[in-house]
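Numbering-wise (UniProt numbering), the sequence shown opens with residue 1 and increments by one.
All remarks here apply to the structure that follows.
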Amino acid sequence: MASSSSSHQQNEERHALSGIQPPGIRRKVDESSKLFDVFINHRGPDVKNTLATQLYNSLQELGIKAFLDSKEKELGDSFPSTIETAIRSAAVNVAIFSKRYAESAWCLAELVLLLQSQAKIIPIFYGVEPWELRHIEKGVYADAFTNYVKNSRYMDRLNQWKEALQSVSLITGFEFNNSESASSSSGLDINNSDEYESIVLAVQKEVKRKKPLFVARYPVALKKLVQDFERRCVDEAVEDFERCCDLNVKGIIGIYGMGGAGKTTLAKELFNRKRSEYTRDSFLFDVREASARNELPSLQRKLLKDLFNEEPSSFQSIEEGTRILRERQRRSKMLSLLIVLDDIDDVKQLDALLFMDMQNIYANSLVIVTTRDEGVLIKTGISIRYGLKGMNTNDGRELFCWHSFGQSHPASGYEYLVEHFLQVCGGLPLSLQVLGRHVYGKPEHYWQLELGKARRSMHRDIKDRLKISFDALDWEEKQIFMDISCFFANKPKSVAIRSWEGSGWSAHLALERLKDKCLVEEIEIGRGRLDLTPAWPSFLRLRMHDHLRDEGTDQVLGMHDHLRDLGREMANELTSPHRLWNPQYLKSL
């Protein structure tokens, strides 16, 4: 900002008049290091060594990249260009109005750019009152503008600067009104100021709001899903805490469902909505894959960086990483943390990453775990669990149409084809997206061909995602899964159990594992009809056959059509044992 030396002042004035590009001109930024979350607009001699630097340091500790001119200027940089790039990239701008702020033409030129960038501005009135920016001729900036009027070089900028000051004066900000301290070299005593902490939190909250995770191109029914999640899980967690002394699970919520059901999508949306309520946050994607590559220590390092702003060179072991994380958490108990652990499939992964003192999670933090295996949540003692069952017909139709037509409804003449595809997809968001994209922009005869293919076999992208769950089964669980796919889907559970027990298999235990992994449903039957939630997708709304009612059977085995097809394809690939489920196979014998 402005310097006390005359040569620096002249350079500042020259750059303020001509060095910064006019609005609308954006320089191409090739280096991510030139992008910033926050720009701090200030007059150096007033606050450089006090409020500005302390704010910069506080934001850096939170992992927020702030621009402060003395910190960011590098050898060879064109400084006005560097400043302009920082302003254009910032999600939030902080403007510190000190008593001599208006003496800097550079500060005023920056302020104009801050407003033109349309990013959020947080004003800090440091020994200055907002009305003094609106009525310049009566306030502390009167002398500075009197001098500008005398200098013809500034005439074409004066009105623009005045309008900028007046506009910012109307924005709710923060005031430090101890004018005597504000004008002193030591500045205000902000280290222990609640107002200062409020500034840091306000900047942090706005940065998070402006930098959300990408959730979905077409977020169909997502708002409704979040509302249902909060009603069923968050409220339940609060009630649990109020009535129960067992604190071990109060700050952890599990989301489970079959592959492609939308678990990660829901978790990302919740993360975006909730993160401004917490001091620090971290989202760990694809924990299962990282674990398979022996990369859990790298995820531990990410947690250490995101939550405690530390970057250790390496961990000797997972146990060492867990120990270090626990030590940092114990030293920072006042921090409120939001953590998402995405795609967990083993309790050992939670042991490595869920490092927190369990007695403190409920008080000020939230952990969200997504998994295909509800059993992992149960073993860990996570009692608040939310299961995803798939989309209802109306929501599924809308999502499919967005991907297949780029609009919320079917194109004329394609309505019947859309309904057939919906039956094939069975409410699974992954399937609706993949098949919708596959037929986008294609003629009707192509749709008909693809519909036939989809009925005969799964699209490879869908199969690859679902097969992950199959591969995680042990030998006996795979056999029972394939048996259900070939013979026992929609059939009485008791009949299947007798068959497996006759082979010496642990049928009940294997079924529980398949249910935990969201591969099989046990569907209750009551008084001649299935007792199912109406919102469940059509693949689970099964009719009860007469022989089931006659036998008094109370449960049948159900599964998504894609999982049934996956099991049959896996059975066909095996040479032994043979499962002769297809009449065509019998003809070939």
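A virtual CB, placed ideally from N, CA and C, is assigned to each residue, including glycine.
None of the values given here were measured: they were computed from a predicted structure.
Cβ-Cβ distance between residue i and residue j below 7 Å
i: residue 370; j: residue 351; result: no
i: residue 571; j: residue 518; result: no
i: residue 567; j: residue 521; result: no
i: residue 399; j: residue 430; result: no
i: residue 345; j: residue 288; result: yes
i: residue 454; j: residue 424; result: yes
i: residue 61; j: residue 309; result: yes
i: residue 291; j: residue 339; result: no
i: residue 347; j: residue 367; result: no
i: residue 404; j: residue 439; result: yes
i: residue 374; j: residue 516; result: yes
i: residue 514; j: residue 481; result: yes
i: residue 489; j: residue 437; result: no
i: residue 276; j: residue 210; result: no
i: residue 149; j: residue 58; result: no
i: residue 102; j: residue 141; result: yes
i: residue 218; j: residue 475; result: no
For residue i, three-class secondary structure by DSSP
i: residue 569; result: helix
i: residue 180; result: With a pLDDT of only 43 at residue 180, under the threshold of 50, the placement of this residue in the model should not be trusted, and no figure is reported.
i: residue 574; result: coil
i: residue 271; result: helix
i: residue 502; result: helix
i: residue 329; result: helix
i: residue 129; result: coil
i: residue 282; result: strand
i: residue 120; result: strand
i: residue 436; result: helix
i: residue 172; result: coil
i: residue 76; result: Its pLDDT being 40, under 50, residue 76 is placed unreliably by the model, and nothing is read from it.
i: residue 66; result: strand
i: residue 342; result: strand
i: residue 166; result: helix
i: residue 35; result: coil
i: residue 141; result: coil
i: residue 489; result: coil
i: residue 390; result: coil
i: residue 154; result: helix
i: residue 522; result: strand
i: residue 321; result: helix
8 Å contact criterion, which residue i and residue j should meet: CB distance rounded
i: residue 372; j: residue 256; result: 7 Å
i: residue 105; j: residue 37; result: Actually they do not touch by this definition, with Cβ atoms about 26 Å apart.
i: residue 465; j: residue 254; result: Residue 465 to residue 254, Cβ: 20 Å. No contact.
i: residue 119; j: residue 391; result: Contact doesn't hold; Cβ gap of about 36 Å is too wide.
i: residue 337; j: residue 307; result: 6 Å
i: residue 396; j: residue 444; result: Their Cβ separation, rounded to whole angstroms, is 21 Å, which puts residue 396 and residue 444 out of contact at 8 Å.
i: residue 207; j: residue 64; result: 6 Å
i: residue 168; j: residue 121; result: 6 Å
i: residue 136; j: residue 162; result: 6 Å
i: residue 284; j: residue 302; result: 7 Å
i: residue 299; j: residue 353; result: 6 Å
i: residue 114; j: residue 87; result: 6 Å
Of the residues the options, the one placed nearest residue i, counting alpha carbons only
i: residue 264; options: 152, 226, 35; result: 226
i: residue 394; options: 409, 403, 388, 383; result: 409
i: residue 505; options: 479, 514, 199; result: 479
i: residue 458; options: 329, 561, 138, 414; result: 561
i: residue 82; options: 93, 95, 316, 68; result: 68
i: residue 116; options: 164, 523, 384; result: 164
i: residue 251; options: 228, 39, 355; result: 355
i: residue 389; options: 428, 294, 413, 286; result: 428
i: residue 451; options: 144, 422, 474; result: 422
i: residue 269; options: 212, 325, 298; result: 212
i: residue 296; options: 45, 484, 314; result: 314
i: residue 172; options: 492, 198, 279; result: 198
i: residue 202; options: 218, 300, 278; result: 278
i: residue 411; options: 442, 232, 381, 385; result: 442
i: residue 461; options: 434, 473, 476; result: 434
i: residue 231; options: 294, 53, 384, 50; result: 384
i: residue 592; options: 471, 470, 420; result: There is simply no residue 592 to check, as the chain begins at 1 and stops at 589 in what is shown.
i: residue 261; options: 158, 333, 476, 386; result: 386
i: residue 382; options: 509, 66, 233, 271; result: 233
i: residue 130; options: 146, 556, 170, 160; result: 170
Cβ-heavy atom distance, residue i to the ligand SAH, below 6 Å
i: residue 154; result: Ligands in the displayed structure: none, and consequently the ligand SAH is not present.
- [ ] Assess, as a yes-or-no matter, whether the region 105-114 is touched by the region 124-135 under the definition of 3 or more beta carbon pairs within less than 8 Å.
- [x] Contact fails: fewer than three Cβ-Cβ distances are below 8 Å.
Open item on the list: Closer than 8 Å is the cut-off here; do at least three beta carbon pairs connect the region 484-504 with the region 455-470?
Closed with: Contact fails: fewer than three Cβ-Cβ distances are below 8 Å.
TODO: Indicate whether the contact test is met: 3 or more Cβ pairs, each with one atom in the region 85-104 and one in the region 40-54, closer than 8 Å.
DONE: With a cut-off of 8 Å on Cβ pairs, the region 85-104 is in contact with the region 40-54, counting three or more such pairs.
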